[in-house]
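In what follows, a structure is listed as structure tokens, so that the remarks can point back to it.
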Amino acid sequence: MASFGHIAVGLAAGRLYADRGASTRTLATAMMGFCIWSVLPDADVVAFALGIPYHAPFGHRGASHSLAVAAACGALVGLGARLAGRPRPLRLALFVAVVMGSHGLLDSMTTGGLGIALLWPASDARFFAPWRPIPVAPIGAAFLSPRGLTVALTEVAQFAPLWIWALWPRRLSRSR
Numbered sequence: 000m001a002s003f004g005h006i007a008v009g010l011a012a013g014r015l016y017a018d019r020g021a022s023t024r025t026l027a028t029a030m031m032g033f034c035i036w037s038v039l040p041d042a043d044v045v046a047f048a049l050g051i052p053y054h055a056p057f058g059h060r061g062a063s064h065s066l067a068v069a070a071a072c073g074a075l076v077g078l079g080a081r082l083a084g085r086p087r088p089l090r091l092a093l094f095v096a097v098v099m100g101s102h103g104l105l106d107s108m109t110t111g112g113l114g115i116a117l118l119w120p121a122s123d124a125r126f127f128a129p130w131r132p133i134p135v136a137p138i139g140a141a142f143l144s145p146r147g148l149t150v151a152l153t154e155v156a157q158f159a160p161l162w163i164w165a166l167w168p169r170r171l172s173r174s175r
């Protein structure tokens, strides 16, 4: 994926997470935070620079895309929120886990690559969803090509409902 779908998920999660009547600042912070969590699994692209093979457990679309890592990150964020005295830490933990877990599930719906290590560490096997409507994005500079543009526009169109809902103006209280 070109990340536009992942960002749409993060924006929608942020809007859903922020309570009705939340300030503009609170809403923007929630949206930005969940956007970061939604794309974080793709930080594994550094594996290419480190010489880690694509097919390895810590290669691209490997462990960082697993449901276990998503759950662990959610648990750690929830624990941190609880220790910091933040309200509703379990809710935050669940949102982080679901948003991060959605990354691997969405990537499994793409048309290329080696699959996703959804069940790591229980299994190193990589999986694809039975329905794969999302075109795989070229990696690196190849993304800046006509094919990359086509993939990006296709993904924006596929996730347009989330983008529209997340960014649709709503009545907000004043920024605090």
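Numbering that gives the first Met the number 0 puts the sequence shown at residues 0 to 175. We put the beta carbon where it would ideally sit given N, CA and C, even for glycine. Note that the structure is predicted; figures quoted are calculated from it, not measured.
CA-to-CA distance, residue j to residue i, given in whole angstroms
i	j	result
Gly73	Trp130	27 Å
Ala69	Leu93	10 Å
Ala136	Arg24	33 Å
Val97	Ala12	9 Å
Ala121	Ser65	10 Å
Arg90	Ser22	19 Å
Continuous alpha helix (DSSP H) stretch holding residue i: start and end
i	result
Val28	In the sequence as presented, Val is not what sits at residue 28; that position holds Thr. Here the alpha helix (DSSP H) through Thr28 covers Thr23 to Val38.
Phe127	Taken as a continuous stretch (DSSP letters only), Phe127 belongs to no alpha helix (DSSP H), as it is neither H nor E.
His5	Phe3 to Tyr16
Ala74	Leu66 to Leu82
Phe57	Run containing Phe57: none; DSSP gives neither H nor E here.
Arg146	Pro145 to Gln157
For residue i, three-class secondary structure by DSSP
i	result
Thr109	strand
Ile133	strand
Ile138	coil
Ile51	coil
Assumed close pair residue i, residue j - CB separation to whole angstroms, cut-off 8 Å
i	j	result
Phe3	Ala116	No, Phe3 and Ala116 are not in contact; Cβ-Cβ is about 23 Å, not under 8 Å.
Between the segment 14-21 and the segment 102-117, can you find at least three pairs of beta-carbon atoms closer than 8 Å? no
With contact counted as at least three CB pairs below 8 Å, one residue from each stretch, are the segment 74-92 and the segment 45-64 in contact? no
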